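A.B. asks: Take 30 as the starting number for the sequence shown in the working numbering and just add one per residue. All C-beta atoms, glycine included, are put in the ideal place defined by N, C-alpha and C. Predicted model, so just to flag it, every value in this text is computed and none were measured. Pasting a structure here, questions to come.
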Amino acid sequence: MTITETNQPGLPQLTNGDDNSKSNATSKSEKITTKGNEVKSGDEERVKRDFVKDLQNFHESKGTPFSRFPKISGKEVDLYKLYTEVTSRGGWLKVNQRNDWDEVLEEVGFSNFIVNAPVAIKYIYLRYLDRYEKLHFHGEEPERADDEEDENRHKRWNARLLHNVPANYNYHQHTISDSQRTQHKLSTDLYKNSEYDKLFLSLISPLPNEQDFAINVCTLMSNEGKHTLKIDRCPKLIDILLAHAGLFQH
């Protein structure tokens with residue numbers, strides 16, 4: 030430190046040498062802090078990688094392996110951060126009882142404005158982290174019998190869902206009898222399907238190849254033969270064919 034004389038006798042004054050030493054000390058302190066943050070960040074990344082690896086091994090041992098991480102609105106969910114946040118609040122059960130999923134969602138970097146995001150984060154936790162939490166956070170050792178019972182229950186549930194889906198669509202559920210239509214004052218003037226419906230749709234199609242194909246079919250069926258064109262089954266064919274010739278009915 031350099032001391033010089035001031036204009037007033039007896040009062041020493043500090044020069045820039047002291048300021049330089051202060052700035053150097055500050056710079057060293059900032060470097061140490063930055064280095065400490067880098068070390069801390071590196072430790073967190075290592076802990077996160079170890080957690081993800083342990084979680085994947087856990088699911089492989091349970092027969093529920095996964096290779097892709099879940100996403101919400103195209104953004105990958107940080108399972109380590111999600112697990113840490115939920116367990117810091119006491120675990121899934123307590124978070125669910127308090128309905129804290131909105132807060133958990135924000136802590137893991139998602140907005141509450143995403144549609145059904147709180148529900149999605151809840152079921153993602155159930156799928157990937159719930160059983161892991163029971164073992165590693167609560168220390169519960171699931172018995173083999175319980176695992177088999179859960180597995181059988183899921184199989185029965187999936188089988189029930191499968192058998193409840195009909196193999197063929199039941200079109201008759203849309204059929205209403207004429208008596209019911211009359212009783213409920215519904216129209217009884219209904220369109221009746223015919224074998225010429227596809228031909229009619231091809232004629233009114235905007236695709237030229239469909240129109241040409243339909244006109245060729247009409248030409249062939251207009252000749253005498255086994256399959257003849259029966260206009261009475263689809264009278265609208267006459268109007269469409271005339272429209273192709275440039276004649277329209279107003």
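Can you give me the start and stop residues for the alpha helix (DSSP H) that residue 231 sits inside?
C.D. replies: Along the sequence shown, read from residue 1 onward, the residue named residue 231 stands at position 202. 226 to 232 is the span of the alpha helix (DSSP H), which, as asked, contains residue 231.
A.B. asks: Could you work out which residue in 240, 92 and 111 is closest to residue 136 when comparing CA atoms only?
C.D. replies: Position 107 of the sequence shown, counted from the start, is the residue given in the question as residue 136. Nearest of 240, 92 and 111 to residue 136, Cα basis: 111.
A.B. asks: Can you grab the Cα-Cα spacing for the pair residue 63 / residue 129, in whole Å?
C.D. replies: For the purposes of this step, residue 63 is identified with residue 34 of the sequence shown, where counting begins at 1. For the purposes of this step, residue 129 is identified with residue 100 of the sequence shown, where counting begins at 1. With a pLDDT of only 49 at residue 63, under 50, the local geometry of the prediction cannot be trusted, and no value is derived from it.
A.B. asks: Expressed to the nearest angstrom, what Euclidean distance is found between the alpha-carbon atoms of residue 109 and residue 142?
C.D. replies: As a working mapping, residue 109 is identified with position 80 in the sequence shown. As a working mapping, residue 142 is identified with position 113 in the sequence shown. If you take the alpha carbons of residue 109 and residue 142, they lie about 23 Å apart.
A.B. asks: Provide the residue span of the alpha helix (DSSP H) that contains residue 266, from first to last.
C.D. replies: Numbered from its first residue, the sequence shown carries residue 266 at position 237. Element bounds for residue 266: 265 to 273.
A.B. asks: With a threshold of 16 other CB atoms inside 10 Å of the CB of residue 228, please say whether the residue is buried or exposed.
C.D. replies: Here residue 228 refers to the residue found at position 199 when the sequence shown is read from its first residue. Buried: at least 16 other Cβ atoms inside 10 Å.
A.B. asks: In angstroms, rounded to a whole number, what distance separates the CA positions of residue 264 and residue 224?
C.D. replies: Mapped onto the sequence shown, residue 264 falls at position 235. Mapped onto the sequence shown, residue 224 falls at position 195. Distance between the alpha carbons of residue 264 and residue 224: 12 Å.
A.B. asks: I'd like to know whether the C-beta atoms of residue 116 and residue 73 end up nearer to each other than 8 Å.
C.D. replies: The residue you call residue 116 lines up with position 87 of the sequence shown. The residue you call residue 73 lines up with position 44 of the sequence shown. No, these two residues do not count as a Cβ contact at 8 Å.
A.B. asks: For residue 101, which of helix, strand or coil comes out of DSSP?
C.D. replies: Along the sequence shown, one-based indexing puts residue 101 at 72. The answer is strand: DSSP assigns residue 101 an E or B state.
A.B. asks: For the alpha helix (DSSP H) that residue 157 lies in, which residues bound it at each end?
C.D. replies: Here residue 157 is taken as the residue at index 128 of the sequence shown, counted from 1. Where residue 157 is concerned, the enclosing alpha helix (DSSP H) stretches over 146 to 157.
A.B. asks: Spatial neighbours of residue 216 within its chain, please: C-beta separation below 8 Å, excluding the five flanking residues on both sides.
C.D. replies: Along the sequence shown, one-based indexing puts residue 216 at 187. Within the same chain, residue 216 has close Cβ partners 210.
A.B. asks: CA-CA distance, residue 269 and residue 204?
C.D. replies: Counted from its first residue, the sequence shown places residue 269 at position 240. Counted from its first residue, the sequence shown places residue 204 at position 175. Looking at the two C-alpha atoms, the distance is approximately 29 Å.
A.B. asks: Which of helix, strand or coil does DSSP assign to residue 246?
C.D. replies: Within the sequence shown, the letter at position 217 stands for residue 246. Residue 246: helix per DSSP, three-state reduction.
A.B. asks: Less than 8 Å between the CB atoms is what I'm expecting for residue 231 and residue 243, so what's the real figure, rounded?
C.D. replies: For the purposes of this step, residue 231 is taken as the residue at position 202 of the sequence shown. For the purposes of this step, residue 243 is taken as the residue at position 214 of the sequence shown. That pair is a contact at about 4 Å.
A.B. asks: Identify whether residue 204 lies in helix, strand or coil by the three-state DSSP scheme.
C.D. replies: Taking the first residue of the sequence shown as position 1, residue 204 is located at position 175. Residue 204: coil per DSSP, three-state reduction.
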